[in-house]
């Protein structure tokens, strides 16, 4: 075990959830494209973890997907959700952080 941290973005988020035993499939609300607000799951995100000491209540993120995580595996912790997608962000211990949106995109 090298204990490397892994960030799964969009398809990476989906495939890591599938590998861990979750269920993925077509998004129930159809294609999701654009700037969306996701809500952090209350009490799921601890200070000092992936987000440092200041935990936002919500984040704005660019989304572009038609598939999503439908069911999280038991080993996952739900970190964020939205009105369009029940699993916007999750983690697996301290080693895997997964997000449906694209934090690597910006206005440029």
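Residue numbers (the UniProt record's numbering): 1 to 108.
Every residue gets a Cβ at the ideal spot worked out from N, C-alpha and C, and that includes glycine.
Closest by CA to residue i, which one among the options?
| i | options | result |
| --- | --- | --- |
| residue 89 | 106, 10 and 64 | 10 |
| residue 72 | 40, 7, 93 and 21 | 21 |
| residue 109 | 68, 24, 79 and 75 | Residue 109 is absent from the structure shown; the chain starts at 1 and stops at 108. |
| residue 25 | 35, 36, 13 and 33 | 13 |
| residue 74 | 40, 101 and 92 | 92 |
| residue 82 | 17, 57 and 6 | 57 |
| residue 28 | 34, 6, 66 and 8 | 66 |
| residue 87 | 103, 38 and 106 | 38 |
Taking all protein chains shown into account, decide if residue i is buried (16 or more other Cβ within 10 angstroms of its Cβ) or exposed.
| i | result |
| --- | --- |
| residue 60 | exposed |
| residue 95 | exposed |
| residue 19 | exposed |
| residue 17 | buried |
| residue 97 | buried |
| residue 101 | buried |
| residue 84 | buried |
| residue 8 | buried |
| residue 69 | buried |
Go ahead and pull the three-state DSSP assignment for residue i.
| i | result |
| --- | --- |
| residue 17 | helix |
| residue 12 | helix |
| residue 6 | strand |
| residue 76 | coil |
| residue 30 | coil |
| residue 85 | coil |
| residue 38 | strand |
Going by DSSP, which residues form a beta bridge with residue i?
| i | result |
| --- | --- |
| residue 25 | 68 |
| residue 102 | 62 |
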